[in-house]
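Under the working numbering, think of the first position of the sequence shown as 1, with each following residue one higher.
Ideal placement from N, C-alpha and C gives every residue a C-beta, glycine not left out.
Bear in mind that the values here come from a model prediction, so they are computed numbers and not experimental data.
One structure is given here, and the rest of the page talks about it.
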Amino acid sequence: MDKVKKKVRKLTSRKWSVSNSYKAKKIAEVVRGWINYFKIGSILTVSRKLDTVIRYRFRMCIWKHWKNPKTRYKNLVKLGISKKNARCAAGFHGYARVCRTKTVCYAMSNARLKKFGLLSAEEYLCKARCQVN
1 MDKVKKKVRK
11 LTSRKWSVSN
21 SYKAKKIAEV
31 VRGWINYFKI
41 GSILTVSRKL
51 DTVIRYRFRM
61 CIWKHWKNPK
71 TRYKNLVKLG
81 ISKKNARCAA
91 GFHGYARVCR
101 TKTVCYAMSN
111 ARLKKFGLLS
121 AEEYLCKARC
131 QVN
């Protein structure tokens, strides 16, 4: 699990200036490889933890990509957040702190991240196990 976390941290580095869709594609490659290697074992809880780490780190990348508080505010309102909550979330807190708030997690929900192209380790594990049986 530690090796995969290190790879995810490297792929979701805020310094790495590539598009978020490219990052999602690279993360999907790592997740697929890791799940295909370990799918026989009992790694369901580990895959859930990995999912939370990936989604959290990816939200931080998106937040960093939005850069200015004004842009963050506009994008949060576009995603359906009330203006009051968007104003509070778009403040000057650190990336890690903001990306754990309910407002940002609701705006960038798991379903939205999935539409964006982020692969869920748990779902892929279930699919991989079904193909083996």
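DSSP-derived helix/strand/coil call for residue i
i, result
"histidine 65", "helix"
"arginine 9", "helix"
"lysine 39", "coil"
"arginine 59", "helix"
"arginine 129", "helix"
"valine 46", "helix"
"glycine 144", "Summary: the structure shown does not reach residue 144, with the chain confined to residues 1 through 133, and so no result is reported for it."
"serine 19", "coil"
C-alpha gap between residue i and residue j, whole angstroms
i, j, result
"valine 30", "valine 4", "8 Å"
"phenylalanine 38", "alanine 128", "10 Å"
"alanine 24", "threonine 45", "22 Å"
"serine 21", "isoleucine 27", "10 Å"
"cysteine 99", "tryptophan 66", "13 Å"
"serine 82", "lysine 70", "15 Å"
"arginine 55", "serine 109", "9 Å"
"cysteine 61", "leucine 113", "12 Å"
"alanine 107", "isoleucine 40", "35 Å"
"lysine 10", "tryptophan 34", "16 Å"
Cβ-Cβ separation, residue j to residue i (assumed contact under 8 Å), whole Å
i, j, result
"threonine 12", "arginine 48", "Contact flag wrong, Cβ pair sits at about 18 Å."
"lysine 64", "arginine 14", "5 Å"
"threonine 103", "asparagine 75", "The Cβ separation is near 12 Å, so there is no contact."
For this session: Give, in chain order, every unbroken run of the alpha helix (DSSP H) that is at least 4 residues long and sits entirely within the region 64-113.
Result: 69-78, 83-89, 95-98, 102-107
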